[in-house]
Amino acid sequence: MASKYTSTLLHASRFTNRASHTRSVYYISRAWQGSLGMAFVGSGQSCYNGVNLRSRRRIIVAHYPVDLHVHTTASDGTLTPTEVIELAVAEGVQVIGIADHDTVGGVAEALAAGARLGVEVVPAVELSIQNRIEKDFVELHLLGYGIDHTNPDFVAVLDRVVQARIEQKIAQIKVLQRDGIDVPVEEVFALARGVPGRPHIAQVVLARNPGRFPNKAALFREYLAEGGKAYVPRRFSLRLAEAVDLVVQAGGVPVLAHPGAYPGVSDPAAMVRRARDEAGIRGLEVAYPYDKNRPHYGASPQQVAALISQFADLADSLGLLKTGGSDFHGAGKNIALGEQGLTLEEFACFKSQWPNPKPQSGSVF
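Throughout the sequence shown, residue numbering follows the numbering used here, covering 767 to 1131 in sequence.
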């Protein structure tokens, strides 16, 4: 049973989602759609049977029916997998990609809830790549879609990554405690109901230290973000090429997440090209709420449209599949479930391209 503390957060999360739902109608009005078309398929492919998506009429949507980037309490989300599916039903989102950080621990529960409530669940994962291969490879995220979440070798590698995440978060908490900030480790883990993330640490810090930080952003800047006082590198993580191989060998499609949301990357297009040429990514997350994330936080709808169009064109030029999602985490982020994503037609096109055949050699297991 959820504690009184987490139940309050859950209520606040759903209230926030509904509030952001009314605001997001303007932000995701698809004013960009006439020029972009959102043809989520690589160059030369014909999933759409000749339909010219670039001429599609502009429409206003409050939520996309497909959201392929959703987090749960299995990593750093604030809703359980079942609660995410229940919210999807309430908001009319028909397909959910459960893409927790470095774990598939929430997929089975989400699949069961989806089967019961009529929501299609895509088994997925978001792998964190922390190795600095070159200057611009800061911290990349790789999404894996259509994976076999029961593959024991795949899960074993993820378990190593998750253990490193846990150790990292405990080390960050110790830095905060050293500076006199009240943040009990056990309370962070209880709130997370899974592997804790920085949002869970932040929620406990803000709740137990009123007035110490003006808001969560200030806490992140001073302590939790890369370069902050409590930023601690992980002991173990995958290189990008290793992560791509891991996803492919688990039967999935490796997709580079939110290419425009890496503050330390000076040339996103060059990064994507290298990720394809050197690591073998097969897709690019094009539709994403860039206005809610660094380095484009607060961007106008027109600026977000330009970014999405830019990355859609880049994906086409490189023959990459195109996906989209909200990066929904629940409470603490002003992002609604389905705020970005795909139409059902776009999802059907993307889904027709996977699973990938598993390679015969070069296993990372």
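A virtual CB, placed ideally from N, CA and C, is assigned to each residue, including glycine.
Compare the Cα-Cα distances from residue i to each of the options and report the closest residue.
i	options	result
glycine 1098	His915, Ala1081 and Thr838	Thr838
valine 970	Val961, Glu952, Gly910 and Ala984	Glu952
arginine 931	Arg978, Lys940, Ala878 and His867	His867
serine 1118	Ala984, Tyr911, Val885 and Val923	Tyr911
aspartate 842	Tyr989, Leu1080, Leu853 and Val928	Val928
isoleucine 1047	Val1031, Gly1018 and Pro1067	Gly1018
arginine 1039	Gln1068, Ile851 and Leu1086	Leu1086
serine 1075	Ile1101, Trp1120, Ala1045 and Ala1035	Ala1035
valine 1010	Asp1033, Ala1045, Gly994 and Met1037	Ala1045
alanine 1078	Ala1053, Pro1067 and Phe1094	Ala1053
aspartate 1082	Thr848, Lys1058, Gly1049 and Gln1068	Gly1049
serine 983	Lys1058, Lys940 and Pro1067	Here the sequence assigns alanine to residue 983, which means serine is not the residue at that position. The candidate whose alpha carbon is nearest that of alanine 983 is Lys1058.
proline 962	Thr844, Val941 and Val885	Thr844
leucine 942	Asp1033, Phe979 and Gln1106	Phe979
leucine 877	Gly858, Thr848 and Val859	Thr848
If contacts are defined as beta-carbon pairs under 8 Å, then residue i and residue j qualify, I think. What distance do you get, rounded to the angstrom?
i	j	result
alanine 1016	isoleucine 913	4 Å
leucine 906	glutamate 892	In fact, because the Cβ distance is near 10 Å, the residues do not count as touching under 8 Å.
serine 1092	histidine 835	6 Å
aspartate 948	arginine 974	4 Å
valine 870	histidine 915	4 Å
Please state if the CB of residue j and the CB of residue i are separated by a distance shorter than 8 Å.
i	j	result
threonine 1089	leucine 1110	no
alanine 840	glycine 880	no
proline 1020	arginine 1060	no
glycine 1096	histidine 829	no
arginine 740	leucine 1012	Not covered by the structure: residue 740. The range shown for the chain is 767 to 1131.
alanine 856	alanine 890	no
glutamate 1051	leucine 1080	no
leucine 985	leucine 972	yes
glutamate 1005	glycine 994	Residue 1005 is actually arginine in this sequence, not glutamate. No, these two residues do not count as a Cβ contact at 8 Å.
With a threshold of 7 Å on Cβ separation, who are the neighbours of residue i within its own chain once the five nearest residues in sequence on each side are excluded?
i	result
tyrosine 1056	Gly1026, Ala1027, His1062, Ala1065, Val1070 and Leu1073
phenylalanine 1113	Val832 and Val861
serine 894	His867, Asp868, Glu905, His907 and Ser1003
isoleucine 1134	This structure does not reach residue 1134, given that the chain is present from 767 up to 1131, and the question cannot be answered.
glutamine 1106	Ile794, Tyr830, Ala1053, Tyr1054, Pro1055, Gly1090, Gly1091 and Ser1092
Could you pull out every residue in the same chain whose Cβ sits closer than 8 Å to the Cβ of residue i, ignoring the five residues on either side in sequence?
i	result
glutamine 934	Val998, Pro999, Arg1000 and Arg1001
glycine 846	First, the residue type needs correcting, since residue 846 is threonine and not glycine in the sequence shown. Cβ neighbours of threonine 846 beyond the five flanking positions: Thr838, Thr839, Gly872, Glu875 and Arg959.
glutamine 938	Arg964, Ile967, Tyr989, Leu990, Ala996, Tyr997 and Val998
glycine 810	The pLDDT assigned to glycine 810 is 40, lower than 50, so where the model puts this residue is not dependable; a value taken from the coordinates is nonetheless given after this. Correct list, in chain order: Gly1085.
alanine 1007	Glu1044, Ala1045 and Gly1046
valine 885	Ile851, Ala854, Val855, Val859, Gln860, Val861, Ile862 and Ala879
valine 921	Val870 and His915
Whose C-beta lies closer than 6 Å to the C-beta of residue i among residues of the same chain, with five residues either side of it excluded?
i	result
threonine 788	Confidence in threonine 788 is poor, its pLDDT being 30 and thus under 50, which makes the residue's placement unreliable; the coordinate value appears in the next sentence. So no residue of the chain qualifies.
leucine 883	Ile851 and Val855
tryptophan 1120	Gly912 and Val1019
histidine 1024	Glu1051 and Tyr1054
aspartate 925	none
asparagine 917	Ala1016
asparagine 897	At asparagine 897 the pLDDT is 49, less than 50, meaning the model places this residue with poor confidence; the figure from the coordinates comes in the next sentence. Once the five neighbours on either side are set aside, the close Cβ partners of asparagine 897 are Arg1005.
phenylalanine 1094	Val836, Ile1101 and Leu1103
valine 954	Pro962, His966, Ile967 and Val970
Do residue i and the ligand MG come close, with the Cβ less than 7 Å from some heavy atom?
i	result
leucine 1004	Of the ligands one can find in the structure shown there are none, so the ligand MG has no counterpart to examine.
Restricting to runs no shorter than 4 residues, where is the alpha helix (DSSP H) found entirely within the region 944-996? 951-958, 964-974 and 982-985
Contiguous beta strand (DSSP E) assignments of at least 3 residues, all confined to the region 838-900: 861-864 and 886-895
Entirely enclosed alpha helix (DSSP H) segments - the region 1043-1122, minimum 4 residues: 1067-1084 and 1110-1117
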